[in-house]
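Heads up: the sequence shown runs through residues 3 to 169, numbered per my numbering.
Cβ coordinates follow ideal geometry from the N, Cα and C atoms, glycine included.
Following: one structure in structure tokens, then a few remarks.
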Amino acid sequence: MRLICLATAALCSAAPAFAQDRTACAAGQVCASNPASVVAAMEKASLKPALGKDANGDPLIKSEGASAYHFDVYFYGCEKTKNCDSLRFEVIFEKEAAATPALANKWNVTHRFIQAAVKDDGRFVMAYDVPTIGGVNPRNFADMLDWWTSMLGEAGDFFTKELEPKK
């Protein structure tokens, strides 16, 4: 019995820690804890970001410029609307009968970085989650933005191929 208790205690102590980004964003880094750094990096990539707030008061960026899709960047892991630790790039498409979980799974099997899903209300969503604790260097963040915009471009091709009537 004592061995089971010790094993359980050891497993619990190995559980991952969920860190908040309480340190200042280093100069030149892109951090969710510093929304202006995210906006600046997106502007440099010509993505036309507009910083605002979501319903909870957390930062929210609305943007356009990636393959003609409008998308949002949500800030997560925030503590009282500050010290956010991650970003979620997200595009939501209008509800369409062909936007099924099977279609989302077909995308997910063949695409590594961007996740597709169908929301409870039937809308198709694509998302890319990015942790930023400790900061992301500008070159790496620019590469992340490039992946996001490239995958949105591929999404258009994917929808054309999968949703157009077969002849």
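Bounding residues of the alpha helix (DSSP H) (the contiguous stretch that carries residue i)
i: P37; result: P37 to K46
i: R90; result: Not the alpha helix (DSSP H): R90 falls in the beta strand (DSSP E), residues S88 to I94.
i: V120; result: No alpha helix (DSSP H) holds V120; the beta strand (DSSP E) holding it covers Q117 to V120.
i: P103; result: P103 to T112
i: L165; result: P140 to L165
Cβ shell of residue i (< 8 Å), same chain only, five flanking positions each side left out
i: S65; result: M44, L49, K50, P51, A52, H72, F73, D74 and V75
i: A144; result: A43, K46 and A47
i: T102; result: V120
Cβ-Cβ separation, residue j to residue i (assumed contact under 8 Å), whole Å
i: R141; j: E96; result: With 8 Å as the limit, R141 and E96 do not qualify as a contact, their Cβ atoms being about 35 Å apart.
i: D148; j: S88; result: Contact doesn't hold; Cβ gap of about 19 Å is too wide.
i: F91; j: A129; result: 7 Å
i: E110; j: A99; result: Looking at the sequence itself, residue 110 is Asn, so the reference to Glu does not match. Between A99 and N110 the Cβ distance is about 20 Å, and since that is not below 8 Å, they are no contact.
Chain-order list of residues whose beta-carbon lies under 6 Å from that of residue i (same chain, five-residue window excluded)
i: C86; result: A34, S35, F77, G79 and C80
i: D60; result: F77, C80 and T83
Where the beta strand (DSSP E) containing residue i begins and where it ends
i: P133; result: F126 to P133
i: L53; result: A52 to K55
i: D60; result: First-last for D60: undefined, no H or E at that position.
i: D74; result: Y71 to Y78
Close-in-space but distant-in-sequence residues of the same chain around residue i (CB under 7 Å, 5 per side omitted)
i: K163; result: none
- Query: Taking three-plus beta-carbon pairs below 8 Å as touching, is the segment 48-61 in contact with the segment 154-163?
  - Reply: no
- Query: Are there three or more Cβ pairs, one per stretch, closer than 8 Å when the segment 146-155 is compared with the segment 96-112?
  - Reply: no
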